[in-house]
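Visitor: Residue numbers (the numbering used here), protein chains in the order written: chain P, 1 to 252; chain E, 1 to 252.
Number of protein chains: 2
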Amino acid sequence: MTNRNVVSFENIKVACKNCSLATLCLPMGLSPEDMERLDSIVKRGRPFHRGDHLFREGDNLHSLRVITSGSVKTFTPSEDGGEQVLSFHLPGELIGLDAIQNECHACSAKALETTAVCEIPFHNLEELSSSMPSLQHQMYRLLSREIGQDSEMLTLLGKKSAEERLATFLLSFSERFKKRGFSATDFFLSMSRHEIGNYLGLAVETVSRLFTRFQEEGLLHVERKHVQLLDLPRLATIVYGNENGRSRQGHL
Amino acid sequence: MTNRNVVSFENIKVACKNCSLATLCLPMGLSPEDMERLDSIVKRGRPFHRGDHLFREGDNLHSLRVITSGSVKTFTPSEDGGEQVLSFHLPGELIGLDAIQNECHACSAKALETTAVCEIPFHNLEELSSSMPSLQHQMYRLLSREIGQDSEMLTLLGKKSAEERLATFLLSFSERFKKRGFSATDFFLSMSRHEIGNYLGLAVETVSRLFTRFQEEGLLHVERKHVQLLDLPRLATIVYGNENGRSRQGHL
DNA sequence: AATTTGTATTGAGCTTGATCAAGTGTTTTT
DNA sequence: AAAAACACTTGATCAAGCTCAATACAAATT
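#1: What are the boundary residues of the alpha helix (DSSP H) that residue 41 of chain E is part of?
#2: On the DSSP letters alone, give me the boundaries of the beta strand (DSSP E) that residue 76 of chain P sits inside.
#3: How would you call residue 23 of chain E, buried or exposed, if buried means at least 16 neighbouring beta carbons within 10 angstroms?
#4: Does the Cβ-Cβ distance between residue 85 of chain E and residue 195 of chain E come in under 8 Å?
#5: Using only alpha-carbon positions, find the residue among E/217, E/130, E/77 and E/133 that is nearest to residue 152 of chain P.
#6: For residue 101 of chain E, return the contacting residues in chain P, with the cut-off set at a CB-CB distance below 7 Å.
#7: Round the Cβ separation of residue 106 of chain E and residue 116 of chain E to the nearest angstrom and send it over; I've been treating them as touching at under 8 Å.
#8: According to a CB-to-CB cut-off of less than 9 Å, which residues of the region 37-64 of chain E neighbour chain P?
#9: Closer than 7 Å to a non-hydrogen atom of the ligand FAD - does that hold for the CB of residue 156 of chain E?
#10: Starting from the Cα of residue 120 of chain P, find the closest Cα among P/93, P/102 and P/174 and give me that residue.
#11: Hey, residue 95 of chain E and residue 65 of chain E are a contact pair by Cβ (cut 8 Å); roughly how many whole angstroms apart?
#12: With a CB to CB cut of under 6 Å and the five nearest residues on each side skipped, what residues in its chain are close to residue 188 of chain P?
#13: Can you give me the Cβ contacts of residue 239 of chain P inside the same chain, cut-off strictly under 8 Å, excluding the 5 residues immediately before and after it?
#14: Please state whether DSSP places residue 190 of chain E in a helix, a strand or coil.
#15: Any idea what DSSP makes of residue 221 of chain E, helix, strand or coil?
#16: Between the alpha carbons of residue 211 of chain P and residue 200 of chain E, how many angstroms are there, rounded?
#17: Among E/146, E/17 and E/71, which one has its Cα closest to the Cα of residue 88 of chain E?
#18: Identify each residue in the region 162-194 of chain E for which the Cβ-Cβ distance to at least one residue of chain P is less than 7 Å, and report them in chain order.
#19: Since residue 110 of chain E sits in a beta bridge, which residues does DSSP pair it with?
#20: Along chain P, in chain order, which residues have C-beta atoms closer than 8 Å to that of residue 130 of chain E?
#21: Take residue 27 of chain P and list the residues in its own chain whose beta-carbon comes closer than 7 Å to its own, dropping the five residues that flank it on each side.
#22: Starting from residue 87 of chain P and walking both ways along the beta strand (DSSP E), at which residues does that stretch end?
#23: Where are the alpha helix (DSSP H) runs, 4 residues long or more, that stay fully inside the region 105-178 of chain P, in chain order?
#24: Taking the alpha helix (DSSP H) that residue 215 of chain E falls in, what are its first and last residues?
#25: Just reading off the beta strand (DSSP E) that residue 227 of chain E is part of, what are its end residues?
#26: When you compare the CB of residue 250 of chain E with every CB in chain P, is at least one pair closer than 8 Å?
#27: For residue 69 of chain P, which residues of its own chain have a beta-carbon under 7 Å away from its beta-carbon, when the five flanking residues on both sides are left out?
#28: So which residues on chain E does residue 76 of chain P lean against when the C-beta distance must stay under 7 Å?
#29: Could you tell me the boundaries of the alpha helix (DSSP H) in which residue 100 of chain P lies?
#30: Could you say which of P/45, P/160 and P/177 lies nearest to residue 202 of chain E if we only look at CA atoms?
#31: Do residue 215 of chain P and residue 204 of chain P have their CB atoms nearer than 8 Å?
#32: Classify residue 83 of chain E: buried if its beta carbon has 16 or more other beta carbons within 10 angstroms, exposed otherwise.
#33: So with CB distances below 7 Å, who are the chain P contacts of residue 106 of chain E?
#34: Using beta carbons (cut-off 8 Å, strictly below), is residue 26 of chain E in contact with chain P?
#35: Tell me which residues share the same chain as residue 63 of chain E and place their Cβ nearer than 8 Å to its Cβ, disregarding the 5 neighbours each side in the sequence.
#36: Measuring only between beta-carbons, confirm whether residue 15 of chain E sits less than 8 Å from chain P.
Pasting the structure below:
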């Protein structure tokens, strides 16, 4: 017997128009009618748990996914069990874009904590965007943004010191949490030191030492995953130069 | 008096359908009719000379550009005169994709030698792709490909040793030249050692030393910009591991 | 042809951050 | 509650690759 009072996940239908993330997410800038059309192809499934794969390298591309709560890392596994963390994703962010090229995922994605996502079947999205210029435009913008973000990361890995890398990392999360209505100075990082190091091209030990040093210098307070940024201006100075930003490596 | 026998650049109209790069370029996979429509919005201007900017960081996005001959580097200049080279582009490659997000170029592009390009006004392209699903699809694919390439570069900068970086660089050019009908083992690099180092996150001196060492080890012959790869298999071993690929830094 | 300027190579020494190793604290399993 | 597994921190040492410096070579300019 089906109990009408039981709310099953399949029945939970949070529409884009009611979603607090709409201004950060794919529907950004769409008219209410367009949003409704987009909404009709979006699927909202059951949540993933810490460590679950959202998809694996080599999987066929079925859907793009938007994080609605929780967080995710994307990474390219290598034969020998190692991996390169490509990025960490927060609510409102679209993942799977690198799979469009070959209709096959080029990286894996794993939930860092309990995580809910909206799935957008790519075939439907493509079709819909064909008849909805505003959606097509938004797709171009999001794809382009991803490229721009990757470029910043290239600069980080190519030119910045360990100190600058961690400061950049922390400020990036600060801003992203702020945009989502959370504190810019007090937050929990869902990933391990190991994953931070991997992402930033540093050894775990270096990350750990830097956290300790930053704390000694009064830049932040850290206790395990809980981070409180105590001096945003000084962190910004480390990242963007001025008296503090002592960058390695030469000019061209 | 206008001499009808003088061919001016404005009159040179190499259509996509006659272009040898069509299979690598934006029109890839379009039907002849669709290609014709795309062709109608493409502009072919006069060539750029070595050192000329195709566009600068901060310029408004007018057009995407495809290299038709020559080569280009894209880079983000930093206040202090330094720069991060983001990538080197060969004929058939589309540049300017990172500008779609803000309709403003996020990097600069400079010709490394005499270089010709096709310009595709983005506004027209977007409009056209709205009524041409195959073109929209191709745009999604190209944007996605760029993201995938950036990810590979992140792995290179985050995990690979200097040796692996240069070997990867050389094999990448080898393959790209081959795709364009040139020799995979004998080619000229149009960029300086400085630019190679910048791109690979290495000092010029390291690049120079590696070229010397690779030559001593019989992997290649190099004289200034002229490179001859003598042992592709061994270069591949450096890049993709096996007995040779001694990579720094740990697994997760 | 000679000078200047820019680019590449080579050497010596140093620094940043990796590696190795041990120890502490936390979480999960039994 | 104890044990095991895991994550993080801290210390000591080492090396890859950067910096500085000198030189060689090529291209451009006079």
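Where is the CB? At the ideal position from N, CA and C, for every residue including glycine.
Guide: Concretely, from the data shown:
#1: Neither: residue 41 of chain E is in no alpha helix (DSSP H) and is coded neither H nor E.
#2: Under the DSSP assignment, residue 76 of chain P falls in the beta strand (DSSP E) whose first and last residues are 72-77.
#3: Counting Cβ neighbours within 10 Å, residue 23 of chain E comes out exposed, since fewer than 16 surround it.
#4: In contact: residue 85 of chain E and residue 195 of chain E (Cβ atoms closer than 8 Å).
#5: Closest option to residue 152 of chain P, Cα to Cα, is E/77.
#6: Against chain P, the beta carbon of residue 101 of chain E has neighbours under 7 Å at 141, 144, 145 and 148, listed in chain order.
#7: About 24 Å; that fails the 8 Å criterion.
#8: Cβ contacts with chain P come from no residue of the region 37-64 of chain E.
#9: Although the ligand FAD was asked about, the structure shown includes no ligands whatsoever.
#10: It is P/93 whose Cα lies nearest to the Cα of residue 120 of chain P.
#11: Residue 95 of chain E to residue 65 of chain E, Cβ: 5 Å. Contact.
#12: By the criterion of a C-beta distance shorter than 6 Å, residue 188 of chain P is surrounded in its chain by 225 and 226, once the five residues flanking it on both sides are discounted.
#13: Cβ contact annotation for residue 239 of chain P (same chain, cutoff 8 Å, sequence separation greater than five): 164, 167, 168, 171 and 245, in chain order.
#14: Coil.
#15: In the structure shown, residue 221 of chain E sits in a strand (DSSP, three-state: E or B).
#16: Whole-angstrom Cα-Cα distance: 28 Å.
#17: Nearest option by C-alpha distance: E/71.
#18: Correct list: 194.
#19: Per DSSP, the beta bridge partners of residue 110 of chain E are E/53 and E/73.
#20: Those are 130, 133 and 136, listed as they occur along chain P.
#21: Around residue 27 of chain P: 16, 35 and 38.
#22: 83-89 is the span of the beta strand (DSSP E), which, as asked, contains residue 87 of chain P.
#23: Taken in chain order, the complete alpha helix (DSSP H) segments of 4 or more residues contained in the region 105-178 of chain P are 122-130 and 133-159.
#24: 204-216 is the span of the alpha helix (DSSP H), which, as asked, contains residue 215 of chain E.
#25: Under the DSSP assignment, residue 227 of chain E falls in the beta strand (DSSP E) whose first and last residues are 226-229.
#26: Since pLDDT at residue 250 of chain E reaches only 44, below the 50 mark, its modelled position is unreliable, and no value is offered.
#27: Closer than 7 Å at the Cβ level, and outside the excluded window around residue 69 of chain P, lie 91, 115 and 116.
#28: Chain-ordered, the chain E residues with CB closer than 7 Å to the CB of residue 76 of chain P read 151 and 155.
#29: Per DSSP, residue 100 of chain P lies in no alpha helix (DSSP H) segment and is marked neither H nor E.
#30: Comparing Cα positions, the closest option is P/160.
#31: Cβ atoms of residue 215 of chain P and residue 204 of chain P: not closer than 8 Å.
#32: Sixteen is the threshold: when 16 or more other Cβ atoms of the shown chains lie within 10 Å of the Cβ of residue 83 of chain E, as they do, the residue is buried.
#33: The answer, in chain order, is 148 and 151.
#34: No Cβ of chain P is located within less than 8 Å of the beta carbon of residue 26 of chain E.
#35: Excluding the 5 residues flanking it on each side, residue 63 of chain E has same chain C-beta neighbours closer than 8 Å at 43, 96, 119, 120, 121 and 122, in chain order.
#36: Not one chain P Cβ lies under 8 Å of residue 15 of chain E.
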